[in-house]
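My numbering numbers the first residue of the sequence shown as 11 and each following residue consecutively. We put the beta carbon where it would ideally sit given N, CA and C, even for glycine. What follows is one structure encoded as structure tokens, with my remarks underneath.
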Amino acid sequence: GFVSDWLVGRGVSVSEICPAGRPSLLCRGAGAGRGRSLMLYAHTDTVGVAGMAAPFFPALRGSALHGRGAYDMKASLAVLMRIAAAIAARPGAGDLYLLVAADEESGSLGTEAALGEIARRGLRIDACVVTEPSDLRLMLGHRGFATGVLTTRGRAAHTARRDEGVDAIAMMARVIVGLEDLDARLNAGPGHPLLGHSAVVASLVRGGSELFTYPAECRAEFVWRMLPGETRAGLGAEIEAIFAALRARDPRFDASFEWRLWREPMLAGGDAPIVAALREAAGHPVECAAPWWTDAALIQAAGIPTAIFGPAGGGIHSTDEWVDMDGLARFETILLNVTRSFCG
11 GFVSDWLVGR GVSVSEICPA GRPSLLCRGA GAGRGRSLML YAHTDTVGVA
61 GMAAPFFPAL RGSALHGRGA YDMKASLAVL MRIAAAIAAR PGAGDLYLLV
111 AADEESGSLG TEAALGEIAR RGLRIDACVV TEPSDLRLML GHRGFATGVL
161 TTRGRAAHTA RRDEGVDAIA MMARVIVGLE DLDARLNAGP GHPLLGHSAV
211 VASLVRGGSE LFTYPAECRA EFVWRMLPGE TRAGLGAEIE AIFAALRARD
261 PRFDASFEWR LWREPMLAGG DAPIVAALRE AAGHPVECAA PWWTDAALIQ
311 AAGIPTAIFG PAGGGIHSTD EWVDMDGLAR FETILLNVTR SFCG
């Protein structure tokens, strides 16, 4: 509501998109109709605040502004709002869009809904800058990720009856060792020149029902960071190979898995006009990949050439999150210059 009212008051048109009660905004500063259109992206949600004494009371210490969301990514959102107001006051040739998205830290419902609305309206958007934290580096892509659940099944029995019980937790331990060996193999050879290597880790394990009973079931949730070209079938075959080897060693072994969430990798075109505009405006910054997944992958997959460029700071997802205010001012200047040069 605050973002919408602030932008409308400065001549920016705002549409609310509200999937599952999580409002996002698609905003437009109209140009004269002769230039390219650019979309700037920021998300409004943050991670949790456990362990923070005053997460939503910003504290300025030196040039660092501390508080939950300062770096990821309310500072970027504030810059985008100021740029939209500047463009509305002095329009260029092309349109400027803002995507202010909810739910990025969870299921990306806001971005998916906004992209659906863009397609429904037939809007032409020639490029996007996702302003996730990048420390003023130009990020040209990132790995994708998949999440899934592994399940091992044993047989419940009293722990005094070793001849009757089958330990599902022990079976899962063997699977996790297999995943660790697989991760080592994935990282042994040469990686992607920009994105590096795939990686897989079982990060959450639950099993057992009570102390004196052999556990009948164990479940482990895993995350697989993947490269372009890796598929569900290929990754699933790697897991099934682990199961087959364990079954060959112990006929009692019983396991299965299912995918939960699948997010594709993102790789920008190095010769894309928006990449050239960012290089020029930022003085040819360091080029790299983002270490985490972003909504840039969804936007790029929708046919909008996308790059990632954001402010400097630290403590992302930690109890002491901060953004550098001097760097934020430079970020705003760069992004305003990019907007004016790209849109004309």
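Residues of its chain near residue i, where Cβ-Cβ distance is below 6 Å and the 5 sequence neighbours each way are ignored
i	result
residue 141	52, 86 and 320
residue 310	276 and 316
residue 22	37, 39, 94 and 98
residue 189	210 and 212
residue 147	295, 296 and 298
residue 342	89
residue 335	73 and 75
residue 68	75 and 77
residue 347	291
residue 257	263
Anticipated Cβ contact below 8 Å, residue i with residue j, distance rounded
i	j	result
residue 29	residue 326	Between residue 326 and residue 29 the Cβ distance is about 25 Å, and since that is not below 8 Å, they are no contact.
residue 262	residue 161	Rounded, the Cβ-Cβ distance is 15 Å, inconsistent with contact.
residue 217	residue 243	Residue 217 to residue 243, Cβ: 28 Å. No contact.
residue 112	residue 20	Not confirmed; about 22 Å, so no contact.
residue 25	residue 135	That belief does not hold up - the Cβ atoms of residue 25 and residue 135 are roughly 14 Å apart, past 8 Å.
residue 353	residue 41	6 Å
residue 59	residue 65	4 Å
residue 159	residue 268	6 Å
residue 338	residue 248	About 43 Å; that fails the 8 Å criterion.
residue 182	residue 233	Not quite, the Cβ-Cβ distance comes to about 16 Å (not below 8 Å), so this is no contact.
residue 291	residue 344	5 Å
residue 45	residue 104	3 Å
Spatial neighbours of residue i in its chain, beta-carbon cut-off 8 Å, leaving aside the 5 residues before and after
i	result
residue 166	175, 219, 223, 224, 225 and 226
residue 279	285 and 315
residue 312	125, 128 and 129
Cβ neighbours of residue i in the same chain (closer than 7 Å, five flanking residues each side left out)
i	result
residue 332	74, 75, 76, 80, 81, 323, 324 and 325
residue 90	50, 52, 108 and 141
residue 318	140, 142, 144, 149, 300, 304 and 306
residue 62	78 and 329
residue 34	27, 110, 111, 112, 120, 123 and 124
residue 350	102
residue 272	156 and 242
residue 238	275 and 277
residue 127	27 and 36
residue 235	153, 155, 208 and 209
residue 168	222 and 223
residue 16	91
Backbone secondary structure at residue i - three-state DSSP
i	result
residue 302	coil
residue 28	coil
residue 196	helix
residue 71	strand
residue 119	helix
residue 155	strand
residue 91	helix
residue 96	helix
residue 34	strand
residue 126	helix
residue 176	strand
residue 339	helix
residue 23	strand
residue 59	coil
residue 41	coil
residue 165	strand
residue 137	strand
residue 112	coil
residue 346	helix
residue 160	strand
residue 64	coil
residue 52	strand
residue 150	coil
Is the region 139 to 155 close to the region 203 to 212, with three or more CB pairs under 8 Å?
The region 139 to 155 is in contact with the region 203 to 212.
I'd like the ranges of any alpha helix (DSSP H) spanning at least 4 consecutive residues and lying wholly in the region 202 to 281.
If one requires a minimum length of 4 residues, the alpha helix (DSSP H) runs lying completely within the region 202 to 281 are 242 to 259, in chain order.
Whether or not the region 116 to 128 and the region 303 to 315 are in contact is what I'm after, with contact meaning three or more pairs of Cβ atoms, one per stretch, closer than 8 Å; do they touch?
Touching, per the Cβ criterion.
Okay, do the region 244 to 264 and the region 274 to 289 touch, 3+ Cβ pairs below 8 Å being the bar?
A contact between stretches requires three or more CB pairs, one per stretch, nearer than 8 Å, and the region 244 to 264 fails this requirement with the region 274 to 289.
Taking only runs of the beta strand (DSSP E) that begin and end inside the region 284 to 336, which ones reach a length of at least 3 residues, in chain order?
Counting only runs of 3 or more, we get 316 to 318 and 332 to 334.
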